[in-house]
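Notes for the one structure printed next.
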Amino acid sequence: MARALLFATTALTALAAAQPSRGQDATWRQSPGSSQLTDAPNWSSGAVPTGTASFGPSDTTALTLSNNMTIGGWTLDAGAPAYVVTLGANLNFTGAGIVVDGGDLAIINTNRIVFQGSSSAGGAGIANNSVSGMAFFDSSSAGGAVIANNGGMTFFDISSAGSATITSTSNGNLNFFDGSTAGNATIVNTNNSVISFVFHGSSSAGGATITNAGYLAFRDSSTAGSAAITNTSSLNFFGTSTAGGATITNTGGLSFFNTSSAGSAAITNSSQFFFLGASTAGSAAITNTSQFFFFGASTAGSAAIANNGELAFAATSTAGSATITNTGSLNFFDTGTAGSATIVNTNKSVTGFVFHHSSSAGSATITNAGYLAFRDSSTAGSAAIANTSALAFAATSTAGNAVITGAGSLSFVDGSSTGHADITSGGTVTLATTNTTGAATVTIQSGGSLGGTGAVGNTTIQSGGTLAPGQLIVNGSLTLNGGATYAYAVGSLTSASGSASLAGTLQLTGSSAGFQNRTYTVLTAVGGVSGTFTLVSLPGVSGHIHHGANDVTLVIDAYKAANWLAGQGGRNPANVAAGLDAGIAAAGGTPPAVFNALLGQSGAGLVAMLNGLSGEAATGTQASAMSVSSLFLNLMLDPMAGARGATASAPASSLIEMADLSVGRAPAAQGGAGWSVWTKAFGQAGRTASDAGLGAAGTASSVFGIAAGADKRISADTLVGFALAGGGASFGLGSRGQGSGDYFQAGLYTSTRLGEGYLSAALAYGWNRYEVSRSVSLGGVSETYSSAPVAHTFGGRIEAGRRFGTRAFAWTPYAALEAIGYSASGYREGFAAPATGVFALTYGARTTGTVRTELGLRADSLTPLAPGADLLTFGRLAYGYQANTQRSVDAAFQTLANSGFAVFGARASTHTALATLGIEARFAGGMRVSASLDGELGDRHRSVRANLGLRHSW
């Protein structure tokens, strides 16, 4: 640069020495002898002009300059053709410079053009191809020229680029010195040399429109003025230069060095943007969507920064008093500081707004609606932080003396400290730090909470607020106002170095229950405890509080399942709970670990667990065995077709035959002797509803089998017989288990006729063997158990009735009494590996019975089909009453002594409606075929049975 200045000074001195004492005007001849501008004969005056050279019509317009020329100016007159001037020597304008009133002037410079005084490049088109180039001095101007700068172009003094259009190519250098200005020029620079496009001294970019695709620099005290600068390459400010009020769009590299300033510029950055040294963003309005960094001792000044990219402060840089709106990434590194800036952050990413290393939030005013983090050894300084989202301190960072407010989440982890901050929160303040020196003043408002492990200072929990300590140190005094909650989990502790003033409630949380009484220290206060807590227990947990002079202790009572059913579930879960409680107490409060799953359970959740343990499926054997016995008794004493119920004075035994014989007519199936054999196949399905009072599950059941028998008439009015039956039965209680088994029944029956009436009776014995299984899931353990109980039944039925009617139709009112006894020995559940048997039950011996009475009406009709063949139709409607419908077993856990309890199955209906509909075809020779459908319907159970029978009499 110094060499260029020296060259320019020398050239100007030589030119000045060559200038004549006064200007001389001349006009380029119409037909000059040559194209040489310094040939005197080519001019109208016969001498080379030094004042104003005028150009009009001429047949020579491609001109050359081979010798230096100093002249006041060139004027292209109206009507002038287009001139092209090639400069091979120096051209110096000292007057008006170039004036184009007509035609067109193109200058090709291969040497040097100088504008002095107030001269102007006017409207010329100039191709500057010289390193010596073009120079503007004094108040000269580039006017409205269109300049292709392929060499050197320089503005000095207070010269201006005017409104020129300047394209500075890869070989062109453009420099402004002193107080020169780019005026309102349009400048395009593609030279990326570091001396290609530079503003020096106090020069200015004025109001120029600048497109920089090379290298553009402002040095010394220069300014970008009010220029519109589009930078796609490298734009730099040095020294004390400033971006002034320029509008800068940066898609390349933009940097401020030394003590330069962004002034009041409007800057849009979508590439790389740096402040270095002691530079400042001034009062600029900056929009960043890419990388924007402050290094060294730079500052954001009072700039307004909208950051949607990556904004960082490093080294000793500061955000100054800037206003920063961050939707991107904002980071402070090293000892960078937020200064007194106003920062609004809405980025919720964990990398959104972070202080690293030893950086500080200074005295900034920060509104955080995203994620704000302090890491390493950074500090919140004395900042005012309004947090409505997430604020986190990690590593050894500290909240310093900051004032932190808001309803967002605030967390301290690792070795971070609450410092001496003033924290007021309606949100969640969580401590998980090893620091014990934190002494922040904490106020928790309604809806907020303070919890975890760490250290704070004077702490107040207002009404509606919650204190949920882990190992909390209060380096000061603790106050819980009325309506506040102390959420206590077993093992937690609050230790205050000052006093503790207590009110509100102590709320148990977590898994606090146990099978033994336990005592815990909840709080200690060196300065003394005043006031009291009210205990609010978890479901399934009870206890009481002791308030001492310097501490608060809590006694949690041993868990008793029976106490926490809250009246829900009925008798079964209550009985199981009582049995468990007794067994656990007998075990010293240490049952198998899997039973710990019951701890803390209450209400409906506990009911479900206890029902799963109850072994209720075992009650299904009683209901099933008694049902089979009742079914067999009814088969033996069925007084309708193909049965043995109401004999007449003939070998046949149907009620209808009473009418046949009373009119002296033998039925079609009348046999010649008094023996009959019969068989019946049957199947029955039923369902008993769940029983809320007992807590018993609904039961689905089924029975199928075949019965066969023989009877002999021992007198005209009486027969006796025997029968056998066998088959299978099953029942299911849904998730509580199921069973299936085999049975065998043997019975005796008799019936006698009393005029038009009858009296019948039967006795039966039953043997029943079942396979019962159930699955239990509790505390992560799932096991399946099975058992094989054997039960015996003993039943009897007596029935009496009288028939009224004719052979065609009759009805028979009747009454019956049925009694059934049940007996089973005790048995144990078995299991197979990998089951451990922890939930296995032992069942006690059981003897019980039931009695049912029936009152009903039977109807029958006999229709002759053909000689030797009749069709009998029949039906029944009756009411049954059964006083004892209870089915139960006594059980105990094999792994818990003294854990016995009774469990009940769903009860059958006390009041039942009975119905039958059937037909029988009877043929000569004593053969009969029958089919019938029987149903029972009660308020608690219903069943239906289908029968198919065959009988032969002789």
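Residue numbers -16 to -1, 1 to 938, in mature numbering (1 follows the signal peptide of the UniProt record, and there is no 0), belong to the letters of the sequence shown in order. Think of the CB as a built atom: it goes at the ideal place given N, C-alpha and C, for glycine as much as any other residue.
Reduced DSSP category for residue i - H, G, I as helix; E, B as strand; rest coil
i, result
"A561", "helix"
"G229", "coil"
"Q866", "strand"
"N215", "strand"
"R720", "helix"
"P33", "coil"
"N292", "coil"
"R697", "strand"
"V612", "helix"
"E920", "strand"
"G750", "strand"
"R96", "strand"
"A816", "coil"
"T603", "helix"
"residue 941", "Shown here, the chain extends from -16 to 938; a query on residue 941 therefore has no answer."
"I568", "helix"
"A652", "Residue confidence is low: A652 scores 38 on pLDDT, short of 50, so the model does not pin down where it sits. Its coordinate-derived value is still stated next. Here A652 sits in coil by DSSP."
"G705", "strand"
"R203", "coil"
"F579", "helix"
"L549", "coil"
"A197", "coil"
"N220", "strand"
Cβ shell of residue i (< 7 angstroms), same chain only, five flanking positions each side left out
i, result
"G30", "A24"
"D541", "N501, S526, G527"
"A62", "D85, G86"
Any chain C beta carbon closer than 8 angstroms to residue i
i, result
"N595", "Included in the structure is just one protein chain, with no chain C present."
Cβ-based burial, residue i [other Cβ within 10 Å; buried from 16]
i, result
"P453", "buried"
"N310", "buried"
"W938", "exposed"
"I690", "exposed"
"G718", "exposed"
"R6", "In this predicted model, R6 has a pLDDT of only 46, less than 50, meaning its place in the structure is not dependable enough to derive any value."
"A357", "buried"
"Y798", "buried"
"T418", "exposed"
Cβ shell of residue i (< 6 angstroms), same chain only, five flanking positions each side left out
i, result
"I407", "I388, A424, V426"
"T283", "T264, T302, G304"
"N385", "S366, H404"
"V822", "P576, V578, T879"
"S744", "L621, G629, S735, E783"
"A652", "Confidence is the limiting factor: at A652 the pLDDT is only 38, short of 50, which leaves the residue's position unreliable, though a coordinate-based value still follows. Answer for A652: G852, A853, D854, R906, A908, listed in chain order."
"A368", "T349, V387"
"L801", "I782, T837"
"N931", "K664, F666, S916"
Top-ranked residue by Cα proximity to residue i, from the options
i, options, result
"T380", "S395, A368, T372, R359", "R359"
"T174", "G910, A484, S152, L901", "S152"
"A571", "Q878, S699, I445", "Q878"
"S893", "E904, G884, Q870", "Q870"
"F277", "A287, A298, S267", "A298"
"R671", "A665, G677, G682, K664", "G682"
"residue 946", "F240, T273, Y865, S872", "The first residue shown for the chain is -16 and the last is 938, placing residue 946 beyond what the model contains."
"S147", "A169, N155, F140", "A169"
"L158", "A792, D141, S177", "S177"
"A90", "R96, S102, A66", "A66"
"D267", "Y749, A249, V506", "In the sequence under discussion, the amino acid at residue 267 is Ser, which differs from the Asp named in the question. Checked all of Y749, A249, V506; the closest Cα to S267 is A249."
"A808", "T603, L898, G922, Y733", "T603"
"R830", "Y863, F858, F888, L849", "F888"
Neighbourhood of residue i by C-beta, 8 angstroms cutoff - its chain only, sequence neighbours within 5 removed
i, result
"F(-10)", "Note that F(-10) scores a pLDDT of 38, beneath 50, so its modelled location is shaky; the value from the coordinates is reported in the next line. Hits under 8 angstroms: S116."
"L295", "N272, F276, F277, I289, I308, N310, G312, S313, L314, N315"
Inter-stretch contact (C-beta, 8 angstroms, three-pair minimum) for the region 97 to 110 and the region 69 to 82: Output reads yes: the region 69 to 82 touches the region 97 to 110.
Does the region 781 to 796 come into contact with the region 755 to 766, if we say contact requires no fewer than three beta-carbon pairs (one atom in each stretch) closer than 8 angstroms? Flag = no, the region 781 to 796 and the region 755 to 766 do not touch.
Looking at C-beta atoms only, is the number of pairs between the region 43 to 60 and the region 71 to 79 that lie closer than 8 angstroms three or more? At 8 angstroms Cβ cutoff, the stretches touch.
Between the region 579 to 595 and the region 536 to 555, do at least 3 Cβ pairs fall closer than 8 angstroms? The answer is yes - the region 536 to 555 touches the region 579 to 595, with three or more Cβ pairs under 8 angstroms.
Determine, using beta-carbon pairs with one atom in the region 762 to 776 and one in the region 605 to 616, whether at least three such pairs fall under 8 angstroms. At 8 angstroms Cβ cutoff, the stretches touch.
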